[in-house]
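*Asks:* So the sequences go chain by chain: A and B. For the first sequence, our numbering gives the first residue as 1, with consecutive numbering after it. For the second sequence, our numbering gives the first residue as 1001, with consecutive numbering after it. Yeah, the Cβ is synthetic: ideal placement off N, Cα and C, and Gly gets one too.
There are 2 protein chains.
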Amino acid sequence: MTNIKVIAKMAGVSVTTVSRVLNNHKYVAEEKRAIVQKIIDEMNYTPNKNAIDLIRGETRMIGVIIPYNNNQAFDQMLHGVLNQSVERDYSITVLPTKYNKDKEIEYLSMLKNKLLDGIIITSRTNNWESILPYTNYGSVVSCEYTDHQEIGCSYIDRYASYLDTFQYLKDKGHSKVAFTTVRGMESMSTKQLMAAYKEVFGELQSEFYLSDCSRFEDGYNAGKKLLSLKKRPTAIYANGDEVAGGMYQYAQSINMRVPDDIAILGQENQPIGVGMGISSVDHQLIKVGEQAFDLVINKSRQKIQIPYRIIERSSI
Amino acid sequence: MTNIKVIAKMAGVSVTTVSRVLNNHKYVAEEKRAIVQKIIDEMNYTPNKNAIDLIRGETRMIGVIIPYNNNQAFDQMLHGVLNQSVERDYSITVLPTKYNKDKEIEYLSMLKNKLLDGIIITSRTNNWESILPYTNYGSVVSCEYTDHQEIGCSYIDRYASYLDTFQYLKDKGHSKVAFTTVRGMESMSTKQLMAAYKEVFGELQSEFYLSDCSRFEDGYNAGKKLLSLKKRPTAIYANGDEVAGGMYQYAQSINMRVPDDIAILGQENQPIGVGMGISSVDHQLIKVGEQAFDLVINKSRQKIQIPYRIIERSSI
DNA sequence: ATGAAAGCGCTAACAC
DNA sequence: GTGTTAGCGCTTTCAT
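The following block contains the structure:
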């Protein structure tokens, strides 16, 4: 292992001097700097960043906690983070939890371990009380709103969005609308969705709600269930355009017309949505990710709301 | 900062003993082990992994070099890597290069810097000769085939795939086929694509080839160009289902029927493809990523080929 | 069984 | 300007 000591010996100077040329310090004789640099180049030497981090207590590395690594919504946020990190010269470490509480905490403790300067939580399974202690070791920002002031937030106002969306559907003349989600009632956003539904349409009949939908196939199956109901919905609000696409395809397979027989609304403005002409409410998750990144590296605890928008296409 | 020293003092033992209980060493009196563990729990102490890495010279962290962070193909490989990393308890750092040579080398030198145990290169811009030296510092595996035996490879036989695909198209009666790519002739796979085309159809007329296609919109525009040709193609082989989807939509917008008026073949079996019924040649990039991960962590230099398959739907 | 002490590779006072 | 030295937080001989 060729380390700073070796270079120092070869150059006939002290490690300090080598360290100085490495870090572009002033007060190094041009002559010595030249010879040191020459040895460095010859030996093709690069400092051990691990040792540097150990001393500095900083890593320029940000972690992104993500439940699944194959979910469009989380992917979009991750992309936003990645976009910014490239500009700002930070590295990003992806931390997939599968909503495992211990795993999540293990990742959080990477802050304590000085492995990460900050963490972005796109979605969590532990309660905030368990997470809060880690804010002492590094910046943690959430992509979901929380009151806790030690947590910075880059979030969307999901409740408002859901309210708007259901109202939009109601205005279009729909009163029997069904919807799908990824997770069940353990998820904050599912709860908000439920609440918004109730606000607009009143009590929800349970057959109109389906969880565990992530991909196209899930949408297809959900479509089958929903459209087989004796009292079937006139509109479906899917949690993602991929899921919506699956529903769309099932509808077509049984010769139902969209939007005449069944209206379909997706989320997140995914490619499949533009391809199939599915209306979508875009929560601009990429922007959420970009903003979250800015917050972490600035160790900011601001609460920043990212606007959503409904993109009208022909499925509704 | 509560470190091992503090714990040692509080427990009234030496740092060595603390280190031993931390690492589950034998030869620690059950009594002492208990008291040390108690303090550790009370103090909510976790060791500084950075310091541990420094000594061990290992990080359990793998880097994935990716040109863009918003390209379906690279995303799929990344997902494959992520899938495996969760199982094996490794962290993954995403290293986006935008095909910048210096950035790419900078990332490679993270191996030397002891920041990464290994690196997976999904696509590169430097030549292998520049990359080879870094194999001395850690395992580097490529998702593209190379003869260099210091590089492990998890790859697809692109040339064979392209040959098969074009032959498939020819068998379907197409002789005028156009195609698109992300990058131009600087890319290895574009070169192979060209060669395969020539092999099957003979000389390529330049209007039948378009580069810089990544997303749906690119496909739409490519479709417009290709279908506006006086001598237009009867089939298009798109570099991805998203791009294919854009072409499909343009075709529909001018009332051309798919596949009767124009046949469209995509790649990578993306959701939009199943949604729109686009035939696709699936290179199983997720598997490529999974296999690549296995290779890095085993420091294997094997060359493993992942099979591709043509998925027939209705666009051809 | 347990602890003292010597590093891992580097930075940052502090002295000269 | 340059070098000596004391750490950063931990592991690992080597004694005891």
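#1: Mind listing the chain B neighbours of A/H283? Cutoff is C-beta to C-beta under 7 Å, in chain order.
#2: Mind listing which residues of the segment 1043-1057 of chain B have their C-beta closer than 9 Å to chain A's C-betas, in chain order?
#3: Report the three-state DSSP secondary structure of B/G1138 (helix, strand or coil).
#4: What does the alpha-carbon distance come out to for the pair A/K233 and A/D164?
#5: Along chain B, in chain order, which residues have C-beta atoms closer than 8 Å to that of A/S109?
#6: Taking one C-beta from the segment 1130-1146 of chain B and one from the segment 1191-1202 of chain B each time, how about it: are there three or more such pairs within less than 8 Å?
#7: With distances taken Cα to Cα, identify the nearest neighbour of A/N136 among A/E150, A/V200, A/N126, A/T125.
#8: When DSSP builds the beta bridges, which residues end up paired with A/Y120?
#9: Suppose the cutoff is 8 Å on Cβ atoms and the five residues either side in sequence are ignored; what does the same chain contact list for A/S280 look like?
#10: Do the CB positions of B/Y1090 and B/L1111 come within less than 8 Å of each other?
#11: Nearest by alpha-carbon distance to B/L1115: which of B/E1087, B/A1051, B/L1082 is it?
#12: Could you spell out where the alpha helix (DSSP H) holding A/P271 opens and where it closes?
#13: From A/N221 to A/Y250, what distance separates their C-alpha atoms?
#14: Could you tell me whether the Cβ of B/K1287 comes closer than 8 Å to any Cβ of chain A?
#15: Using 8 Å as the threshold, is the C-beta distance between B/G1118 and B/I1004 below it?
#16: Kindly provide the ranges of any alpha helix (DSSP H) runs that are 4 or more residues long and lie completely inside the segment 6-53 of chain A, ordered along the chain.
#17: Considering only residues of the same chain and omitting the five flanking positions on each side of B/L1132, which have a CB-CB separation below 7 Å?
#18: Could you tell me the boundaries of the beta strand (DSSP E) in which A/V243 lies?
#19: Taking the beta strand (DSSP E) that A/V281 belongs to, which residues open and close that run?
#20: Can you list, in chain order, the residues of the segment 83-96 of chain A whose Cβ is nearer than 8 Å to any Cβ on chain B?
#21: Assess contact between the segment 1082-1102 of chain B and the segment 1060-1069 of chain B, defined as three or more Cβ pairs (one per stretch) separated by less than 8 Å. Is contact present?
#22: I'd like the span of the alpha helix (DSSP H) that includes A/V200, first residue to last.
#23: Closer than 6 Å by C-beta to B/A1292: which residues in its own chain qualify, once you throw out the five before and the five after it? Chain order, please.
#24: Where does the unbroken alpha helix (DSSP H) through B/S1109 begin, and where does it stop?
#25: Can you tell me whether B/R1088 is helix, strand or coil according to DSSP?
#26: Keeping to the same chain, check which residues put their C-beta closer than 6 Å to that of A/M10; ignore five residues upstream and five downstream.
#27: May I ask you to list the residues that DSSP assigns as paired with B/G1152?
#28: Do you know whose CA, among B/R1183, B/Y1197, B/R1215, B/F1179, lies nearest B/E1207's CA?
#29: Apart from the five residues just before and just after B/E1203, which ones in its own chain have a Cβ nearer than 6 Å to its Cβ?
#30: Going by the DSSP bridge assignment, what does A/K303 pair with across the sheet?
#31: Residues in the segment 263-278 of chain A with C-beta within 7 Å of chain B's C-beta atoms, listed in sequence order?
#32: Are B/Y1248 and B/I1286 touching if we call contact CB-CB under 8 Å?
#33: Scan the segment 1203-1237 of chain B for residues whose Cβ lies nearer than 8 Å to a Cβ of chain A and list them as they occur along the chain.
#34: Taking 7 Å as the limit between beta carbons, can you name the residues of its chain near A/K198, skipping five residues before and five after?
#35: Please confirm if A/H25 has its CB atom under 8 Å from at least one CB of chain B.
#36: Spatial neighbours of A/Y2 within its chain, please: CB distance less than 6 Å, with the 5 preceding and 5 following residues excluded, ordered by chain position.
*Replies:* So, from the listed chains and residues:
#1: Taking the first residue of the first sequence as position 1, residue 283 of chain A is located at position 283. Within chain B, no C-beta atom comes less than 7 Å from the C-beta of A/H283; the nearest is roughly 17 Å away.
#2: Considering only beta carbons, the part of the segment 1043-1057 of chain B lying closer than 9 Å to chain A consists of N1044, Y1045, T1046, P1047, N1048, K1049, N1050, A1051, I1052, D1053, L1054, G1057, in chain order.
#3: For the purposes of this step, residue 1138 of chain B is taken as the residue at position 138 of the second sequence. Reduced to three states, the DSSP call for B/G1138 is coil.
#4: One-based indexing of the first sequence puts residue 233 of chain A at position 233. One-based indexing of the first sequence puts residue 164 of chain A at position 164. Lys is not the amino acid found at residue 233 of chain A; the sequence shown has Pro there. Answer to the nearest angstrom: the Cα atoms are 19 Å apart.
#5: Along the first sequence, one-based indexing puts residue 109 of chain A at 109. Those within 8 Å of A/S109 in chain B are T1046.
#6: No, because fewer than three Cβ pairs between the segment 1130-1146 of chain B and the segment 1191-1202 of chain B fall closer than 8 Å, the two stretches do not touch.
#7: Working through the first sequence from its first residue, we reach residue 136 of chain A at position 136. The option with the nearest alpha carbon to A/N136 is A/E150.
#8: Along the first sequence, one-based indexing puts residue 120 of chain A at 120. Rather than Tyr, the amino acid found at residue 120 of chain A in this sequence is Ile. The secondary-structure analysis by DSSP pairs A/I120 across a beta bridge with A/V64, A/V141.
#9: In the first sequence, counting from the first residue as 1, residue 280 of chain A sits at position 280. Cβ neighbours of A/S280 beyond the five flanking positions: D241, A244, L265, G266, Q267, E268, N269, Q270, G273, I310, I311, R313.
#10: As a first step, residue 1090 of chain B must be located in the second sequence, where it is residue number 90. As a first step, residue 1111 of chain B must be located in the second sequence, where it is residue number 111. Against a cut-off of 8 Å, the Cβ pair of B/L1111 and B/Y1090 comes out as no contact.
#11: Looking up residue 1115 of chain B in the second sequence gives position 115. In terms of Cα proximity to B/L1115, the closest of B/E1087, B/A1051, B/L1082 is B/A1051.
#12: What you label residue 271 of chain A is simply residue 271 of the first sequence in a count that begins at 1. Here the alpha helix (DSSP H) through A/P271 covers 271-276.
#13: Taking the first sequence and counting its residues from 1, one reaches residue 221 of chain A at position 221. Taking the first sequence and counting its residues from 1, one reaches residue 250 of chain A at position 250. The alpha-carbon atoms of A/N221 and A/Y250 are separated by roughly 8 Å.
#14: Locating residue 1287 of chain B in the second sequence gives position 287, where the first residue counts as 1. With respect to chain A, the C-beta atom of B/K1287 has no partner C-beta closer than 8 Å.
#15: Along the second sequence, read from residue 1 onward, the residue named residue 1118 of chain B stands at position 118. Along the second sequence, read from residue 1 onward, the residue named residue 1004 of chain B stands at position 4. Going by C-beta atoms, B/G1118 is not nearer than 8 Å to B/I1004.
#16: Counting only unbroken stretches of 4 or more residues, the alpha helix (DSSP H) elements lying wholly within the segment 6-53 of chain A are 15-22, 30-43, in sequence order.
#17: In the second sequence, residue 1132 of chain B corresponds to position 132, counting from 1. Residues of the same chain with a CB within less than 7 Å of the CB of B/L1132, apart from the 5 flanking positions on each side, are H1148, E1150 in chain order.
#18: In the first sequence, counting from the first residue as 1, residue 243 of chain A sits at position 243. Unbroken run through A/V243 is the alpha helix (DSSP H), 241-253; no beta strand (DSSP E).
#19: By 1-based counting over the first sequence, the position of residue 281 of chain A is 281. Start and end: 279-282.
#20: So the close ones are N83, S85, V86, S91, I92, T93, V94, L95, P96.
#21: Enough Cβ pairs lie closer than 8 Å, so yes.
#22: As a first step, residue 200 of chain A must be located in the first sequence, where it is residue number 200. Taken as a continuous stretch (DSSP letters only), the alpha helix (DSSP H) holding A/V200 covers 188-201.
#23: Taking the second sequence and counting its residues from 1, one reaches residue 1292 of chain B at position 292. These residues qualify, in order along the chain: I1120, V1141, C1143, S1154.
#24: Residue mapping note: residue 1109 of chain B aligns to position 109 of the second sequence, counting from 1. From DSSP, the alpha helix (DSSP H) with B/S1109 extends over 1101-1112.
#25: Here residue 1088 of chain B corresponds to residue number 88 of the second sequence, with the count starting at 1. Three-state DSSP puts B/R1088 in a helix.
#26: On the first sequence, residue 10 of chain A is found 10 positions in, with the first residue counted as 1. I39.
#27: The sequence position of residue 1152 of chain B within the second sequence is 152, counting from 1. In the DSSP secondary-structure assignment, B/G1152 is bridged to B/V1141.
#28: Taking the second sequence and counting its residues from 1, one reaches residue 1207 of chain B at position 207. Nearest C-alpha to B/E1207: B/F1179.
#29: In the second sequence, the residue the question calls residue 1203 of chain B occupies position 203. Excluding residues within five positions, none has a Cβ falling inside 6 Å.
#30: Mapped onto the first sequence, residue 303 of chain A falls at position 303. DSSP, once it has assigned bridges, lists A/C153 as partnering A/K303.
#31: Residues are counted here when their Cβ sits less than 7 Å from a Cβ of chain B; for the segment 263-278 of chain A these are P271, I272, V274, G275, M276, given in chain order.
#32: On the second sequence, position 248 is the one that residue 1248 of chain B refers to. On the second sequence, position 286 is the one that residue 1286 of chain B refers to. No, the pair does not count as a contact, with Cβ atoms beyond the cut-off.
#33: Residues passing the 8 Å Cβ filter: R1215, F1216.
#34: Numbered from its first residue, the first sequence carries residue 198 of chain A at position 198. Only L204 meet the Cβ criterion.
#35: Looking up residue 25 of chain A in the first sequence gives position 25. No - not a single Cβ of chain B is within 8 Å of the one on A/H25.
#36: Residue mapping note: residue 2 of chain A aligns to position 2 of the first sequence, counting from 1. The amino acid at residue 2 of chain A is misidentified as Tyr; the sequence shows Thr. Excluding residues within five positions, the ones whose Cβ falls inside 6 Å are M43, Y45.
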